[in-house]
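Number of protein chains: 2
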Amino acid sequence: MKVFLDCIPCFLKQALEATRLATQETKLQQKTMRVVLERLAKESWDTSPPHIGRTVHRLVQEVTGNPDPYAPLKKESNDTALRLYPIWEERIKKADDPFEMAVRLALAGNMIDFGARPGERIDIEREIEAVMQSPLDKEALETFKQMVMSAKRILFLGDNAGEIVFDKFLLKQIGPEKITYVVKAKPIINDATMEDAKAVSLTEMVSVIDNGSDYPGTVLESCSKEFRKLYQEADLVVAKGQGNYETLSDAERSIVFLLKVKCPVIARDMGKEVGDLVIHLHRVYI
Amino acid sequence: MKVFLDCIPCFLKQALEATRLATQETKLQQKTMRVVLERLAKESWDTSPPHIGRTVHRLVQEVTGNPDPYAPLKKESNDTALRLYPIWEERIKKADDPFEMAVRLALAGNMIDFGARPGERIDIEREIEAVMQSPLDKEALETFKQMVMSAKRILFLGDNAGEIVFDKFLLKQIGPEKITYVVKAKPIINDATMEDAKAVSLTEMVSVIDNGSDYPGTVLESCSKEFRKLYQEADLVVAKGQGNYETLSDAERSIVFLLKVKCPVIARDMGKEVGDLVIHLHRVYI
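As you go down the protein sequences, you meet chains A and B in turn. For the first sequence, the tail end lands on 309 under this note's numbering, and the numbers increase by one without skipping. For the second sequence, the tail end lands on 309 under this note's numbering, and the numbers increase by one without skipping.
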């Protein structure tokens with residue numbers, strides 16, 4: 024998916040949030056914003072939003088000298104999610120359809136996204152309860168279930184810190200032994216890295232690798248050989264969040280996207296509404 | 024009031040809205056946004072938001088070649104307001120406190136502001152009904168009433184097209200013969216100009232002048248001598264909207280600001296909440 028002009032003000036909003044997290048020095052904040060404006064003016068916009076997102080957030084990191092502005096928020100998201108985990112572990116045991124509940128929890132976790140909604144803080148507990156009641160495409164859910172059950176090797180592209188805890192329910196339903204879970208190689212926005220995967224003990228449940236890249240999405244040409252091999256050979260790729268959709272929506276292989284629509288540009292591109300829960304089956308027949 | 028960093032993404036959002044109103048050519052839209060980004064990167068931010076607002080909107084006008092992108096929206100706002108006028112003219116006759124209702128209508132009209140809320144369209148009718156029920160500082164209202172009643176020469180700084188129709192109720196309550204109503208000298212965002220004042224027959228009710236300037240606020244040094252004379256000599260200045268507050272909040276004379284708070288930056292500066300109705304008495308004792 025390409026950058027729309029609507030993304031430009033949003034990148035500035037993201038840059039400002041990241042800058043304020045990175046430094047409290049007003050002059051440095053101003054300088055950072057100026058550098059971002061200047062770069063955005065020159066940058067090619069004929070690309071996907073995560074391409075520009077990476078540029079913007081790297082600039083903020085460089086100019087402020089803070090390599091991981093979202094570190095405290097990532098920790099907070101992980102901690103909150105870990106606190107809620109046992110509550111939902113109990114509820115899923117008693118659920119009529121544990122698979123559906125696990126998918127809903129994975130979608131609820133996708134709200135923890137500081138890229139898509141800069142400046143907004145989310146009440147995760149309330150969000151999960153809302154997601155449990157939201158409409159969900161049952162046909163897509165059933166197809167997705169059949170796909171994961173018949174697949175032997177699944178590549179699961181994770182998204183954000185905190186969110187990775189809520190993915191655990193789904194990983195359990197699918198069967199952790201079939202799954203390789205993917206995180207980012209370096210800090211970018213609040214995307215989960217290996218550090219987060221370890222902090223929430225995801226590494227004890229499934230095989231976790233980093234993709235060798237630091238785009239807030241999955242830009243194949245920037246990923247490691249190891250990742251690309253797994254991507255090619257997997258029976259199924261499951262991709263969480265808007266960033267993965269933005270970078271892989273035209274992929275040459277089948278992918279199931281799981282996301283909650285958080286911005287009007289994605290909504291328009293997908294023919295959905297902001298707030299919708301989406302199980303998007305991108306199918307390529309070769 | 025000075026520009027905050029939060030204003031920067033908002034200026035980009037305003038620029039995008041204005042650009043899309045100005046031209047449908049995608050390439051020209053992109054070019055315009057790039058020019059605005061480049062300029063914002065270089066521009067001094069040690070100034071009031073309407074200073075940068077003017078620069079941004081002038082750039083959009085120049086690059087797109089459209090001298091008045093908001094012309095159709097201004098006409099629409101005027102027409103809608105004129106349609107609602109007789110309904111409220113009847114209601115105000117039966118009101119317990121016609122002065123309060125007139126102030127509320129003037130505040131309701133202030134919602135018609137494409138600068139403060141780019142991209143949002145407002146349901147004016149619903150907005151007015153809501154404003155009738157919103158909390159209002161009765162002490163400030165009473166003081167304001169005494170001030171307008173005792174003043175002999177009042178300079179009334181108007182704000183937006185459409186809104187100027189809703190000001191008529193208050194002008195009538197105050198006494199039109201005491202008032203000089205001020206509009207902008209050239210199109211800027213959806214600020215009212217003499218053309219709007221004539222279109223809604225405001226010119227038949229009060230003396231209307233333009234301020235000789237095209238800032239979306241009141242930047243005294245950019246205004247005509249005639250305006251500045253009236254500004255100095257008036258017993259009372261009444262100023263509508265955020266733009267006038269942003270440029271005159273530190274004025275060396277007493278001013279009554281009437282506005283509805285529409286952005287978090289103004290809210291913070293005034294110690295108010297977004298959505299609040301404000302009668303702000305800026306008093307200078309010489």
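Cβ coordinates follow ideal geometry from the N, Cα and C atoms, glycine included. Owing to the predicted nature of the structure, the values given are computational and were not obtained by experimental measurement.
Sequence-distant residues of its chain with Cβ nearer than 6 Å to residue i (five each side left out)
i	result
A/Ala220	Val206, Thr226, Val231
A/Ala118	Met124
B/Val229	Leu194, Pro199, Ile202, Tyr204
B/Gly264	Asn133, Asp182, Leu282
A/Lys248	none
A/Gly76	Pro239
B/Ile289	Gln265
A/Arg276	Val307
Sequence-distant residues of its chain with Cβ nearer than 7 Å to residue i (five each side left out)
i	result
A/Pro73	Tyr238, Pro239, Gly240, Val242, Gly266, Glu269, Thr270
A/Thr87	Thr42, Ala45, Thr46, Leu51, Thr55
A/Asp91	Pro210
A/Met170	Leu259, Val279
B/Lys168	Phe122
B/Glu150	Ala131, Met134
B/Val154	Arg127, Leu130, Ala131, Leu300
Where the beta strand (DSSP E) containing residue i begins and where it ends
i	result
A/Asp29	Careful: A/Asp29 lies outside any beta strand (DSSP E) and carries neither H nor E.
A/Val205	202-206
A/Ile302	300-305
B/Ile278	278-283
B/Ala174	Segment: none, B/Ala174 is in no beta strand (DSSP E) and carries neither H nor E.
Through-space distance from residue j to residue i, alpha-carbon basis
i	j	result
B/Asp299	B/Val188	21 Å
A/Arg127	B/Ala131	42 Å
B/Ala320	B/Glu165	With chain B running from 24 to 309 in the structure shown, residue 320 of chain B is simply not present.
A/Ile278	A/Trp68	25 Å
A/Ile212	A/Ser173	34 Å
A/Arg176	A/Ile202	6 Å
B/Ala274	B/Leu159	24 Å
A/Ser245	A/Thr216	16 Å
A/Ser272	A/Thr78	21 Å
A/Met134	A/Cys286	11 Å
B/Arg62	B/Ala38	12 Å
B/Asn89	B/Glu152	35 Å
A/Leu107	A/Lys97	15 Å
A/Arg251	A/Glu218	22 Å
A/Val223	B/Val26	42 Å
B/Val297	A/Gln255	51 Å
A/Leu35	A/Gln84	14 Å
A/Ala163	B/Glu48	38 Å
B/Glu113	B/Tyr308	40 Å
B/Ser71	A/Asp120	57 Å
B/Arg57	B/Ala64	11 Å
B/Asn101	B/Cys30	28 Å
B/Leu253	A/Ser157	59 Å
B/Ile302	B/Asp136	18 Å
Sequence-distant residues of the same chain with beta carbon closer than 8 Å to residue i, five excluded per side
i	result
B/Ala125	Ile115, Phe192, Leu193, Lys195, Gln196
A/Ile110	none
B/Ala94	Pro210
A/His305	Leu271, Ser272, Ala274, Ser277, Ile278, Val279, Phe280
N-terminal and C-terminal residue of the alpha helix (DSSP H) that residue i is part of
i	result
B/Asp233	Run containing B/Asp233: none in the alpha helix (DSSP H); it sits in the beta strand (DSSP E), 230-233.
A/Leu96	94-116
A/Ala290	287-293
B/Lys252	248-256
B/Leu63	49-65
A/Leu130	121-132
A/Ala153	147-156
A/Lys195	186-197
A/Val83	72-87
A/Ala220	217-222
B/Leu259	That residue, B/Leu259, is in no alpha helix (DSSP H); its beta strand (DSSP E) goes 259-263.
Chain B residues whose Cβ lies nearer than 8 Å to that of residue i
i	result
A/Ile31	Leu35, Leu39, Met56, Leu60
A/Gln53	Leu28, Trp68
Cβ-Cβ separation, residue j to residue i (assumed contact under 8 Å), whole Å
i	j	result
B/Ala208	B/Asp233	4 Å
B/Met24	B/Asp292	5 Å
A/Gly59	A/Leu82	Before going on, a small fix: residue 59 of chain A reads as Val here, not Gly. With a Cβ gap of about 5 Å, A/Val59 and A/Leu82 count as contacting.
B/Ala104	B/Gly235	That pair is no contact at about 25 Å.
Neighbour list for residue i in chain B, Cβ cutoff strictly below 7 Å
i	result
A/Leu63	Leu60
Self-check item: Against chain E: residues of the region 65-98 of chain A by CB proximity under 7 Å
Solution: The chain labelled as chain E is not found among the protein chains of the depicted structure, namely A and B.
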